[in-house]
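Report on one structure; see the data block that follows.
Chains as they are written, first to last, in our numbering: chain A, 23 to 121; chain B, 802 to 958.
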């Protein structure tokens, strides 16, 4: 069993947002799902998801920086858009906000 | 409005950066070939153009909020409601408020009022991108001057 880096409530919130925004059944969304490759979320739908996540957590996900990192080869899309990693980053942003 | 140039607003009336709001105004032309088709004998301002007018109003707010460093491109409209007919010659009061500035995108809520009644409203999403070229930005600056964009307000913010 691996350590879980994200909080379960964060994943539940993100999964609910994705399910409602993209009409994907909740049971098809799991922590290992890749938002783009597995769930087929396109960039326009991801804007709706980003808006809902930013609102729900009171954060501003640095999507431009993440995209730049991927384009520059400094990161893989899995690091940002696989849901367990996305939720970990959301928790980090929430923690940074409260620091 | 200069419908043939897709200019849907005439003037920026008020920009409040602290409140992240903007107000603009527009006069629907008394005559246009658009009204010959929409509809013959019953001219109405097309709803899609009212939505575009709200998008242009929102767009100038976003240009102001980002201090002319980003160009907003209209990508999505939600909850659009067209409540009543708009006819040639009517004067419109438009307003928009920034709901959220995300990373590379922004969301606004906009509406249009006519004779003190809400004509339409919508939530609009934009991508915020670099200006495609210096010429593009220069053209937007020219349009800003035509619309009386209060450029001084950016320096004070």
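For each residue, glycine too, the CB sits at the ideal point set by N, CA and C.
Taking the beta carbon of residue i as the centre, do at least 16 other beta carbons fall within 10 Å, making it buried, or is it exposed?
i, result
"residue 886 of chain B", "exposed"
"residue 54 of chain A", "exposed"
"residue 32 of chain A", "buried"
"residue 844 of chain B", "buried"
"residue 111 of chain A", "buried"
"residue 865 of chain B", "buried"
"residue 902 of chain B", "buried"
"residue 806 of chain B", "exposed"
If you draw a straight line from the alpha carbon of residue i to that of residue j, how long is it in whole angstroms?
i, j, result
"residue 950 of chain B", "residue 894 of chain B", "16 Å"
"residue 891 of chain B", "residue 912 of chain B", "16 Å"
"residue 96 of chain A", "residue 829 of chain B", "51 Å"
"residue 871 of chain B", "residue 826 of chain B", "23 Å"
"residue 876 of chain B", "residue 904 of chain B", "15 Å"
"residue 78 of chain A", "residue 852 of chain B", "27 Å"
"residue 5 of chain A", "residue 816 of chain B", "Given a span of 23 to 121 for chain A in the structure shown, any question on residue 5 of chain A remains unanswerable."
"residue 113 of chain A", "residue 824 of chain B", "38 Å"
"residue 910 of chain B", "residue 52 of chain A", "33 Å"
"residue 66 of chain A", "residue 76 of chain A", "16 Å"
Would you please verify whether the beta carbon of residue i is less than 9 Å from any beta carbon of chain B?
i, result
"residue 72 of chain A", "yes"
"residue 76 of chain A", "yes"
"residue 38 of chain A", "no"
"residue 89 of chain A", "yes"
"residue 50 of chain A", "no"
"residue 82 of chain A", "yes"
Can you pull the chain A residues whose beta carbon is under 8 Å from the beta carbon of residue i, in chain order?
i, result
"residue 906 of chain B", "69, 72, 73 and 85"
"residue 926 of chain B", "69, 70 and 73"
Can a CB atom of chain A be found closer than 9 Å to the CB of residue i?
i, result
"residue 896 of chain B", "no"
"residue 878 of chain B", "no"
"residue 839 of chain B", "no"
"residue 903 of chain B", "yes"
Within this structure, are the beta carbons of residue i and residue j separated by less than 9 Å?
i, j, result
"residue 107 of chain A", "residue 101 of chain A", "yes"
"residue 907 of chain B", "residue 855 of chain B", "no"
"residue 809 of chain B", "residue 833 of chain B", "no"
"residue 74 of chain A", "residue 105 of chain A", "no"
"residue 897 of chain B", "residue 859 of chain B", "yes"
"residue 869 of chain B", "residue 955 of chain B", "yes"
"residue 69 of chain A", "residue 835 of chain B", "no"
For a contact defined as C-beta to C-beta under 7 Å, what are the partners of residue i on chain B?
i, result
"residue 66 of chain A", "876 and 877"
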